[in-house]
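Q: Sharing a structure with you now.
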Amino acid sequence: MSETLSQPVTLSDSAVRRISAILSKTGGDQSLRISVEGGGCSGFSYKYDLTGEREADDLTIERDGARVVVDPVSLVYLEGSVVDFVDDLMGQSFQIRNPNAVASCGCGTSFSI
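Residues in the sequence shown are numbered consecutively from 1, following UniProt numbering.
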């Protein structure tokens, strides 16, 4: 798994392939926005949206046709995280390996700090 360690948030190779495949079907200048919201089983939850909008202070990660944007508030919670895409018997999903999370719920989309 190659990751760019100089970025505050990195993408696994499988995440890059999946994001690139999704964005290639949108036909426009889209990005996958990853954000953190209050709520969920453990206090915070990850949110994924396709968007054509980017703010000047967003972190933008681009690699091999994949483009991810993260707002500065969410970046505080995601610092050091690796975004991965998993395809297993339980299904397909993006998963975030977040070193800041002290607990998470079984669904994998909710965490606490």
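Just so it is clear, CB atoms sit at the ideal spot from N, CA and C, and this is done for glycine as well.
So, at 7 angstroms on beta carbons, what are the nonlocal neighbours of D58 in its own chain, with the 5 sequence-adjacent residues on each side left out?
A: Result list for D58: V69, V70, D71, in chain order.
Q: At which residue ranges does the UniProt domain "Core" (9-108) contain complete alpha helix (DSSP H) runs of 4 or more residues, listed in the order of the chain?
A: The qualifying runs are 13-24, 72-78.
Q: For S12, which of S31, N100, F94, P99 has the nearest alpha-carbon?
A: Checked all of S31, N100, F94, P99; the closest Cα to S12 is F94.
Q: Would a check of beta-carbon distances place Q95 closer than 8 angstroms to chain C?
A: Chain labels in this structure do not include chain C; a single protein chain is all it has.
Q: How many Å lie between S14 and D84 at the Cα?
A: Cα to Cα, S14 sits roughly 6 angstroms from D84.
Q: Near I19, which residues of its chain fall below 6 angstroms by C-beta distance, leaving aside the five closest residues on each side in sequence?
A: L32, A66.
Q: Using alpha carbons as the reference points, say which of I22, S24, I34 lies closest to V76.
A: The shortest C-alpha separation from V76 is found at I34.
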